[in-house]
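Same order as they appear, the protein sequences are chains A and B. According to this note's numbering, the stretch in the first sequence is residues 66 to 175, in order. According to this note's numbering, the stretch in the second sequence is residues 96 to 207, in order. Only one structure is covered here, and it is reproduced in the block below.
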Amino acid sequence: DAKTTQPPSMDCAEGRAANLPCNHSTISGNEYVYWYRQIHSQGPQYIIHGLKNNETNEMASLIITEDRKSSTLILPHATLRDTAVYYCIVRRDNTDKLIFGTGTRLQVFP
Amino acid sequence: DSGVTQTPKHLITATGQRVTLRCSPRSGDLSVYWYQQSLDQGLQFLIQYYNGEERAKGNILERFSAQQFPDLHSELNLSSLELGDSALYFCASSPTVSYGYTFGSGTRLTVV
Numbered sequence: 066d067a068k069t070t071q072p073p074s075m076d077c078a079e080g081r082a083a084n085l086p087c088n089h090s091t092i093s094g095n096e097y098v099y100w101y102r103q104i105h106s107q108g109p110q111y112i113i114h115g116l117k118n119n120e121t122n123e124m125a126s127l128i129i130t131e132d133r134k135s136s137t138l139i140l141p142h143a144t145l146r147d148t149a150v151y152y153c154i155v156r157r158d159n160t161d162k163l164i165f166g167t168g169t170r171l172q173v174f175p
Numbered sequence: 096d097s098g099v100t101q102t103p104k105h106l107i108t109a110t111g112q113r114v115t116l117r118c119s120p121r122s123g124d125l126s127v128y129w130y131q132q133s134l135d136q137g138l139q140f141l142i143q144y145y146n147g148e149e150r151a152k153g154n155i156l157e158r159f160s161a162q163q164f165p166d167l168h169s170e171l172n173l174s175s176l177e178l179g180d181s182a183l184y185f186c187a188s189s190p191t192v193s194y195g196y197t198f199g200s201g202t203r204l205t206v207v
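Pasting the structure below:
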């Protein structure tokens, strides 16, 4: 599995956009980029995933660079409930395991 | 409710003992994954089963074993428990032809 690199922590003001970067420079052509988050000690929660096109859902947007070596997760209007550890993961297909790195601890402040 | 059910939610046991953690995947999901998360540590992948067969193995100790039954539920057996085995144990399931994992709420194991 390709490795990912994320900043260990970030802060964001409530109501502002949170932009979480991820570097995956060794990603293979058939690997997807997935984002998960873990709030306190709860089970990780799926956010979004993509292959090469930008994706948007009700939770977030995913921007993948044209060379696919990096991506950015965007939470458009962060709330206090978005405080969590965010994980960027690359994965081949849906039968493949997810390998979690250390993630980015996002702190949303009032 | 994520649809993945883990029991028990909490478990306290003594060193040297053996415990069994249970996971019921979402209806129709064929893959089950087990993860360990020690205090302030990341999620460590332990093992994956797909339709009853072991598919991938991660950092799983020899004292630990798992299986997936014909009804697709899975059990993680931890034996000769040590203090360092105290952790959250998560189970996740995923379908074959759709995206994403779904995690259960975890079993918090405390070894005293």
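All C-beta atoms in this analysis are idealised placements derived from N, C-alpha and C, irrespective of residue type, glycine included. None of the values given here were measured: they were computed from a predicted structure.
Nearest-angstrom beta carbon gap, residue j and residue i [assumed within contact, 8 Å]
{"i": "Glu170 of chain B", "j": "Arg121 of chain B", "result": "Not really, about 17 Å apart at Cβ, beyond 8 Å."}
{"i": "Ser163 of chain B", "j": "Gly153 of chain B", "result": "Note on residue identity: the sequence assigns Gln, not Ser, to residue 163 of chain B. Contact flag wrong, Cβ pair sits at about 16 Å."}
Residues that residue i contacts on chain B, provided the C-beta gap is smaller than 9 Å
{"i": "Pro73 of chain A", "result": "The premise fails here: Pro73 of chain A is roughly 12 Å from chain B at the closest Cβ pair, so nothing lies under 9 Å."}
{"i": "Tyr111 of chain A", "result": "Tyr194, Gly195, Tyr196, Thr197 and Phe198"}
{"i": "Gly166 of chain A", "result": "Gly137"}
{"i": "Leu127 of chain A", "result": "Simply none; closest approach about 12 Å."}
Chain A contact for residue i (CB, 8 Å cutoff)
{"i": "Gln143 of chain B", "result": "yes"}
{"i": "Phe159 of chain B", "result": "no"}
{"i": "Gly123 of chain B", "result": "no"}
Through-space distance from residue j to residue i, alpha-carbon basis
{"i": "Thr121 of chain A", "j": "Arg150 of chain B", "result": "31 Å"}
{"i": "Glu46 of chain A", "j": "Val127 of chain B", "result": "Given that chain A is displayed from residue 66 to residue 175, the structure contains no residue 46 of chain A and the question cannot be resolved."}
{"i": "Gln188 of chain B", "j": "Arg146 of chain A", "result": "According to the sequence as given, residue 188 of chain B is Ser; it is not Gln. For Ser188 of chain B and Arg146 of chain A, the distance between alpha carbons rounds to 25 Å."}
{"i": "Val206 of chain B", "j": "Lys134 of chain A", "result": "42 Å"}
{"i": "Arg113 of chain B", "j": "Ala161 of chain B", "result": "13 Å"}
{"i": "Arg157 of chain A", "j": "Cys77 of chain A", "result": "31 Å"}
Amino acids of chain A, ordered along the chain, whose beta-carbon sits closer than 9 Å to that of residue i
{"i": "Tyr184 of chain B", "result": "Result: empty, since nearest Cβ-Cβ is about 11 Å, beyond 9 Å."}
{"i": "Ser50 of chain B", "result": "Here chain B comprises residues numbered 96 to 207, so residue 50 of chain B is not present and cannot be evaluated."}
{"i": "Gly179 of chain B", "result": "Residues of chain A passing the Cβ test: none, with the nearest at roughly 18 Å."}
8 Å Cβ cutoff met for residue i and residue j
{"i": "Ser126 of chain A", "j": "Cys87 of chain A", "result": "no"}
{"i": "Ser200 of chain B", "j": "Gln107 of chain A", "result": "yes"}
{"i": "Ile139 of chain A", "j": "Ile154 of chain A", "result": "no"}
{"i": "Gly111 of chain B", "j": "Ser175 of chain B", "result": "yes"}
Residue-level contact to chain B via CB, residue i, 8 Å cutoff
{"i": "Gln107 of chain A", "result": "yes"}
{"i": "Leu140 of chain A", "result": "no"}
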